[in-house]
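Data block below; observations after.
There are 2 protein chains.
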Amino acid sequence: MNNATHQGIRDAIRTRIVSGEWKLGDLIPGEVDFAAHYGCSRTTVNRALQALAEEGIVERKRKGGTRVRPMPAPQAQFRIPIVREQVESLGHAYATKVLKREIELPPLSLRSDMQLPAGTQCAYLESIHLADDQPFAFERRWVNLATVPSFVDANLHELSANEWLVKTVPFSRGDVSLSGTSADNQLAEMLQIQNGAALFTMDRTTWFEDRSVTRMTLFYRQGYRLSFEI
Amino acid sequence: MNNATHQGIRDAIRTRIVSGEWKLGDLIPGEVDFAAHYGCSRTTVNRALQALAEEGIVERKRKGGTRVRPMPAPQAQFRIPIVREQVESLGHAYATKVLKREIELPPLSLRSDMQLPAGTQCAYLESIHLADDQPFAFERRWVNLATVPSFVDANLHELSANEWLVKTVPFSRGDVSLSGTSADNQLAEMLQIQNGAALFTMDRTTWFEDRSVTRMTLFYRQGYRLSFEI
DNA sequence: GAGTGGTCTAGACCACGGT
DNA sequence: CCGTGGTCTAGACCACTCA
């Protein structure tokens, strides 16, 4: 009982909860009790229970003690996939090609999504992502040149636009939304699928501090699924 | 400098990273250095840096030190939405109706998805979720009666199948996959949309220990988007 | 081998929130 | 009030991994 690590204790307590030893909403023992039971210090138990709280398994309140969450909050944590990694992890050769690259005034809907003042110039790109030379995803992207003026000179032959931006504007918030889209004429042609086919689609706007950096829409080839565990 | 908490230090270091004080891939100071700099113990710095590692901001290696992630791992964390809550948070009245409820032998594909031995009986349900009496989502669900035999007697008038299962089989792993689907005849009729429309679709299999509990597919009404922040 | 992170401990004090 | 979790400390030992 003395080789107790905070991870081991966390797993042990989680197992006891899952097994039904305590029911939903039940109060479970306090830190000192667990410390005595597992023969370790309270600090270690504290870490274990805090981790379980982060997992959403338990709720903790001072004086109120620790209780099993009445309705487990099913939190999913998954990495937003990077297309290159997705393709390579499937064992295919990855390639990408910029099909169009222009400087334009963005459409009105984009002005509100990206909070652009009137007259802001944007770069507009269309790219195709290939897996073993087969279309994997099609990308439409706007880049806010007020935030990232150097993008106009970016060399996108060695790095994709996404990778270039990540390297240049490191950490940012992002809004993501997932949806299903019917393929229009251009998408059908680009992805070599039937017009009207249902595509899994990811929209993503990223921000550096309070300024928008880029908004992209990624249309995955037909049949693509985004899978993860909870 | 002596009111240093692990959260405060975490925020301070994160700010210094975001501000560009250290670049992508750079080695940042060690725990003892930070402890001296912020006037706190190494333990506290350790917690702060471990938290940053969980956030995906830094990578840590023994002997190798702590460095800013070369390519930030954009981790998304979001709650798998419960349909009732989605509808209610949009300000609509929620209702659900079970349209079909049978005991059947599952199709072959399900036998492998849910790891069912041959001959396992399952409950099959079709339900519609309504927002202000308009179709919001259509659900097909299989329940493994070997794992949850009491489901045959479940009263699904007060609780939805999902809520009943969550209350009865508390904590479970789950596999989720998101995709786009074309509406077939039944879906088009149920959701009152055009045949072939692109729908956002969520498949979810949940497990209790090593046994499958249920597999459901949720077809959202046309135009639905799942949004979250990273 | 030596430097770094990973972890545990025992004790201490604080902050919150039911009673 | 007082019990509970939240946190910090100082020191210690271990484990990994790079040079």
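Respectively, the protein sequence lines represent chains A and B. First residue of the first sequence: 1, per the working numbering; consecutive thereafter. First residue of the second sequence: 231, per the working numbering; consecutive thereafter. All residues carry an ideal CB built from backbone N, CA and C; glycine is no exception. Values in this document were obtained by computation on a predicted structure and should not be read as measured data.
| query | result |
| --- | --- |
| Alpha carbons only, please: which of B:Ala266, B:Gln280 and B:Pro347 is nearest the one belonging to Arg441 (chain B)? | B:Pro347 |
| Starting from Met109 (chain A), find everything on chain B with Cβ-Cβ shorter than 7 Å and list it in chain order. | Checking the sequence, you will find Ser at residue 109 (chain A) rather than Met. None at all; the shortest Cβ gap to chain B is about 14 Å. |
| Quick check on the burial criterion: 16 or more other C-beta atoms within 10 angstroms. Buried or exposed for Gly30 (chain A)? | exposed |
| Label Thr93 (chain A) either buried or exposed according to how many other C-beta atoms from any shown protein chain fall within 10 Å of its C-beta, with 16 as the threshold for buried. | Note that residue 93 (chain A) is Ala in the sequence shown here, rather than Thr. Label assigned to Ala93 (chain A): exposed. |
| Helix or strand or just coil, what does DSSP make of Leu448 (chain B)? | strand |
| Would you report the Cα separation of Ser409 (chain B) and Ala361 (chain B), rounded to the nearest angstrom? | 22 Å |
| Are the beta-carbon atoms belonging to Phe136 (chain A) and Val87 (chain A) less than 8 Å from one another? | yes |
| Name the DSSP beta bridge partners of Asp203 (chain A), please? | A:Ser177 and A:Thr217 |
| Only counting the same chain, and skipping five residues up and downstream in sequence, which positions put a Cβ closer than 6 Å to that of Phe78 (chain A)? | Phe228 |
| Closer than 6 Å by C-beta to Asn155 (chain A): which residues in its own chain qualify, once you throw out the five before and the five after it? Chain order, please. | none |
| Enumerated in chain order, which unbroken segments of the beta strand (DSSP E) with a length of 3 residues or greater are wholly contained in the segment 361 to 388 of chain B? | 364 to 374 |
| Measure the alpha-carbon distance for Asn276 (chain B) versus Thr44 (chain A) and round it to whole angstroms. | 15 Å |
| What's the C-alpha gap between Glu126 (chain A) and Asn162 (chain A)? | 12 Å |
| Out of curiosity, what's the CA-to-CA distance linking Glu388 (chain B) and Thr447 (chain B)? | 21 Å |
| Report buried or exposed for Ser160 (chain A), applying the criterion of at least 16 other Cβ atoms within 10 angstroms of its Cβ. | buried |
| Select from the segment 341 to 369 of chain B all residues with a C-beta closer than 9 Å to any C-beta belonging to chain A, and list them in chain order. | none |
| Under the DSSP definition of a beta bridge, which residues are partnered with Glu126 (chain A)? | A:Lys100 and A:Arg140 |
| Smallest Cα separation from Glu439 (chain B): which of A:Lys63, A:Glu54, A:Arg14 and A:Ser89? | A:Arg14 |
| Output, in chain order, the set of chain A residues within a Cβ distance shorter than 9 Å of Tyr454 (chain B). | Ser179 and Gly180 |
| Between Ile333 (chain B) and the rest of its own chain, which residues show a CB-CB distance below 8 Å, the 5 nearest in sequence each way excluded? | Gln351, Cys352, Ala353, Tyr354, Leu375 and Val382 |
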